[in-house]
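Novice:
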Amino acid sequence: MKAIEIHSYGGPEVLQMEEVPVPRINADEVLVRVYASGVNPVDWKIREGKAEHPLPFIPGWDLSGVIEETGANVRNFTKGDAVYTRPDVKRDGSYAEYVAVRANELAYKPNSIDHVTAAAIPLAGLTAWQCLFTHGQLEAGQKVLIHGASGGVGTFAVQFARWKGAYVMATASEKNHDFLKKLGADEVIDYHTPGYEDTISSVNLVLDTIGGETQQRSLKFIMPGGILVTTLKPENKDAFDEKGVRLIGMYTQTEPDDLAAIASLVDEGWVKPVIAKVLPLEQAAEAQKIVQGGHVRGKIVLKIHEE
């Protein structure tokens with residue numbers, strides 16, 4: 003099969019298209035024919051060696067495809083099922099024509115969208131869902147502020163929070179304000195504005211995908227008893243404790259029940275994945291360059307098989 007393989011850590015140039023064997027599956031796994039793979043910041047961070055991964059390896063941990071083969075112990079999926087997931091990042095990933103995935107990591111893909119669109123969901127969608135609901139305990143009527151709202155995680159978080167019935171505030175550059183309001187944001191704030199944090203108050207929950215100074219500035223407007231959930235490193239926890247605000251650092255978990263809930267919202271019309279660009283597998287290096295450059299509206303997706 004064709005796959006992008008990495009033999010040494012480094013820049014985008016280490017992403018090499020190669021012919022490699024189709025993976026063999028264990029009894030609790032399925033072989034998925036990959037139709038599309040999402041591209042995420044974790045991809046280039048692992049490529050650069052910011053996280054340990056045995057070499058060589060195939061990157062990409064965001065996929066939509068069809069089951070080609072099932073292991074002897076798999077009972078809940080059969081050949082031909084359309085599935086999507088964020089597979090284990092410690093294993094070979096989805097920049098490939100086929101990938102072996104544990105069956106307990108899979109969910110059925112949304113019926114109303116194609117594989118390219120579905121591949122934009124798993125990692126970003128799970129991150130947003132778990133930030134807001136698993137860790138943030140967001141309820142209808144509460145006020146939530148989403149930093150980096152025009153990115154992959156942010157675009158899902160805005161739509162999820164709107165569906166839940168929260169008052170949705172978002173930070174983004176001015177060019178993305180109208181876009182985010184169409185997604186469901188009630189209020190959008192330009193993070194370039196000096197002192198913007200002084201104009202906000204009584205926020206129940208903050209979703210932070212920026213970190214650093216943004217995380218600390220957020221403390222000003224979170225009400226006591228509120229929560230800040232960050233996808234990055236929690237900083238200066240003592241200050242949050244002093245105000246009575248919970249500071250939670252989260253790591254996304256592959257939960258099929260969460261993926262199923264998201265698929266239902268997509269099929270019901272509540273949520274629409276935002277795709278910035280679709281590229282072929284051989285342009286994986288270019289895709290990672292775009293993601294690494296930041297300021298992408300939504301997701302970059304690699305299209306691997308025609309539907």
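Just so we're on the same page, this note's numbering is the position in the sequence shown counted from 1, plus 2. Yeah, the Cβ is synthetic: ideal placement off N, Cα and C, and Gly gets one too.
Mind checking whether ASP269 and PRO112 have CB atoms under 8 Å apart?
Specialist: Yes, they are a contact pair.
Novice: At 3 residues or longer, what runs of the beta strand (DSSP E) sit wholly inside the region 105-148?
Specialist: The region 105-148 contains these whole beta strand (DSSP E) runs: 145-148.
Novice: Could you tell me the distance, in whole angstroms, from the CA atom of GLY138 to the CA atom of PHE158?
Specialist: 15 Å
Novice: Using the C-alpha atoms, what's the distance from ILE202 back to TYR169?
Specialist: 13 Å
Novice: Considering just the uninterrupted stretch of the beta strand (DSSP E) at GLU7, what are its terminal residues?
Specialist: Going by DSSP, GLU7 is part of the beta strand (DSSP E) stretching over 4-7.
Novice: Quick check: is the beta carbon of ASP192 nearer than 8 Å to any beta carbon in chain D?
Specialist: The chain inventory of the structure shown lacks chain D, comprising one protein chain alone.
Novice: Which class does ILE48 belong to by DSSP, given the choice of helix, strand or coil?
Specialist: helix
Novice: If you drop the 5 nearest sequence neighbours on each side, which residues of the same chain put their C-beta closer than 8 Å to that of LYS145?
Specialist: ALA168, TYR169, MET171, SER204, VAL205, ASN206 and LEU207
Novice: Give me whichever residues DSSP pairs with PHE59 in a beta bridge.
Specialist: ILE8
Novice: If I follow the unbroken beta strand (DSSP E) through THR87, where does it start and stop?
Specialist: Following the DSSP letters along the chain, one finds THR87 inside the beta strand (DSSP E) bounded by residues 84-87.
Novice: For ALA151 versus LYS166, is the C-beta spacing smaller than 8 Å?
Specialist: no
Novice: For GLU50, I'd like the list of residues in its chain whose CB is within less than 8 Å of its CB, leaving aside the five on either flank, ordered along the chain.
Specialist: Answer for GLU50: TYR11, GLY12 and GLY13, listed in chain order.
Novice: With a cut-off of 8 Å, do at least 3 Cβ pairs link the region 126-137 to the region 183-193?
Specialist: no
Novice: Taking DSSP as the reference, what is the three-state secondary structure of TYR198?
Specialist: In the structure shown, TYR198 falls within a helical segment according to DSSP collapsed to helix, strand and coil.
Novice: Taking the beta strand (DSSP E) that GLN18 belongs to, which residues open and close that run?
Specialist: In the DSSP assignment, GLN18 falls within the unbroken beta strand (DSSP E) covering 18-21.
Novice: Using only the alpha-carbon positions, how far apart do ALA38 and VAL231 sit?
Specialist: Cα atoms of ALA38 and VAL231: separation of roughly 30 Å, rounded to the nearest angstrom.
Novice: Is ILE264 closer than 8 Å to GLY40 when the C-beta atoms are compared?
Specialist: no
Novice: From the DSSP secondary-structure annotation, give me the bridge partner or partners of ALA172.
Specialist: ILE148 and VAL190
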